[in-house]
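Novice:
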Amino acid sequence: MITKIAPSILSADFSAMGETVKKLESAGADLIHCDVMDGSFVGPITFGAQMIKNIRSLTKLPLDVHLMIEHPQTQIKFFAEAGADMITVHYGACAKISPTYLKETLALIRSYGVKCGAVVNPDVPVENIFPYFQECDMILLMSVFPGYGGQKFIPEVLDKIKKARAYAIKIGRPDLDIEVDGGVTTDNAKTIREAGANILVAGSAVLGSPDMKAAIASLKA
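Be aware that the sequence shown starts at 1092, since it is given in the numbering used here, and climbs by one per residue.
The following block contains the structure:
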């Protein structure tokens, strides 16, 4: 599968977000990863749908919106209408509400013509979201605990990536996008890709590099 790089704007200078997004597109990014945090499901607060709306007109790249929030159904409409191309929601946030909340949320996202995905944290078995693979356009596996950039990759997640890819193949979806978020660097990208991931979220590895184009190329190489 073709490897895609989704730089996370969590690592960007928020005062120059528009210019950063333009630079990422010129540097060869495949998606723009937008980490939305509510200060409840995770500690920090980042930004809301207005940020997505503001950068939508500045890039043709898909906007990959990762909702790290409680009660995601309340926000789907706003992010979809702001221009999100993909919205992913956490199994953990949904499971706390009801056994059917994740399924309902994925259906709600699709109702807006937006791609959808389910997310699990490092301490959540990937098997918990196997029942939703057929309804997802992407599976997102966190390789750090969400909330803060610059954390180190948790190596145990490699086994989860392998299990996710094997299950996708088993159900007849060998090309299902499997995204990995957290601690991705030029040193471990090859190992992550070989485990079965095809979309790599990279924050500081790209935005902290003096040459973003070279960093993106290295992550793919």
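By construction, the Cβ of each residue, glycine as well, lies at the ideal position given by its N, Cα and C atoms.
(1) When the Cα atoms are used, what is the spatial distance from Ser1202 to Ala1171?
(2) Which residue or residues does DSSP assign as beta-bridge partners of Ala1120?
(3) Quick check: the region 1204 to 1216 against the region 1120 to 1136, are at least 3 beta-carbon pairs closer than 8 Å?
(4) Report the three-state DSSP secondary structure of Ser1148 (helix, strand or coil).
(5) Is the region 1188 to 1205 close to the region 1222 to 1240, with three or more CB pairs under 8 Å?
(6) State the Cα-Cα distance for the pair Glu1110 and Ile1307, rounded to the nearest angstrom.
(7) What are the residues that DSSP puts in a beta bridge with Lys1095?
(8) Hey, could you find the ends of the alpha helix (DSSP H) Lys1253 is sitting in?
(9) Counting only runs that start and end within the region 1192 to 1221, where is the beta strand (DSSP E) found for 3 or more residues in a row?
(10) Just to confirm, is the Cβ distance from Leu1231 to Val1275 under 9 Å?
(11) Using 8 Å as the threshold, is the region 1183 to 1191 in touch with the region 1137 to 1156, meaning 3 or more CB pairs across them?
(12) Which residue's Cα is closest to the Cα of Met1092: Met1177, Ser1300, Ser1309, Ala1288?
(13) Work out the CA separation of Asn1145 and Tyr1258 for me, nearest whole Å.
Specialist: For this structure:
(1) Roughly 10 Å between the two C-alpha positions.
(2) In the DSSP output, where bridge partners are listed per residue, Ala1120 has none listed.
(3) The region 1120 to 1136, when compared against the region 1204 to 1216, does not touch it at the 8 Å Cβ threshold.
(4) If DSSP states are grouped into helix, strand and coil, Ser1148 belongs with coil.
(5) Counting C-beta pairs with one atom in each stretch, the region 1188 to 1205 and the region 1222 to 1240 have three or more that are closer than 8 Å, which means they touch.
(6) Rounded to the nearest angstrom, the two C-alpha atoms are 17 Å apart.
(7) For Lys1095, which the question treats as bridged, DSSP gives the partners Ile1290.
(8) Residues 1248 to 1261.
(9) Listed in chain order, they are 1206 to 1211.
(10) For Leu1231 and Val1275, no; Cβs fall outside 9 Å.
(11) The region 1183 to 1191 makes no contact with the region 1137 to 1156, as fewer than three CB pairs between them are under 8 Å.
(12) Closest option to Met1092, Cα to Cα, is Ala1288.
(13) Cα to Cα, the separation comes out at about 38 Å.
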